[in-house]
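*Asks:*
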Amino acid sequence: VVGRSFHQFEPHGTTGVLVLSESHFSAHTYPELNKIYIDVFCCSPYFDPESTAIIIEEEFAALSGSWQVVGR
Numbered sequence: 002v003v004g005r006s007f008h009q010f011e012p013h014g015t016t017g018v019l020v021l022s023e024s025h026f027s028a029h030t031y032p033e034l035n036k037i038y039i040d041v042f043c044c045s046p047y048f049d050p051e052s053t054a055i056i057i058e059e060e061f062a063a064l065s066g067s068w069q070v071v072g073r
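Residues in the sequence shown are numbered from 2 upward in steps of one, following our numbering.
#1: With distance defined between alpha-carbon atoms, name the residue in LEU21, SER65, GLU60 nearest to SER45.
#2: Along the alpha helix (DSSP H) that carries SER52, what are the first and last residues, could you check?
#3: What number of angstroms, rounded off, separates the C-alpha of ARG73 from the C-alpha of PHE48?
#4: What did DSSP end up calling LEU34 once you bin it into helix, strand or coil?
#5: For GLU23, collect the residues of the same chain with a Cβ closer than 8 Å to its Cβ; drop the 5 residues on either side in sequence, then sort them by chain order.
#6: For THR16, which residues in the same chain have their Cβ closer than 6 Å to its Cβ, ignoring the five residues on either side in sequence?
Structure below.
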């Protein structure tokens with residue numbers, strides 16, 4: 002991790018960003034809606050977005066989820 006930033010909103014909600022040497026991970030929570038929006042960017046040719054989405058859904062105990070891969 003080469004950088005990180007987090008902000009707690011009032012009365013609730015958090016935005017956080019982790020910057021890695023070749024990637025980033027950002028999350029925006031909306032507790033009042035029971036939602037979290039996540040963005041993962043990775044430059045590695047070995048990155049598997051589908052497996053990553055499944056792991057994230059499991060870690061957050063998501064009742065439902067959707068994801069999309071954006072070519073960059």
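Heads up, the beta-carbon is just placed ideally off N, CA and C, and yes, glycines get one too.
Small disclaimer: the values here were computed from a predicted structure and weren't measured.
*Replies:* Let me spell this out:
#1: It is LEU21.
#2: Segment 50–60, the alpha helix (DSSP H) holding SER52.
#3: For ARG73 and PHE48, the gap between their C-alpha atoms comes out near 13 Å.
#4: When secondary structure is reduced to three states using DSSP, LEU34 falls in the helix class.
#5: For GLU23, where only same-chain residues beyond five positions count, the Cβ hits under 8 Å are CYS43, CYS44, SER45.
#6: Counting only Cβ-Cβ distances below 6 Å, and skipping sequence neighbours, we find HIS8, HIS29.
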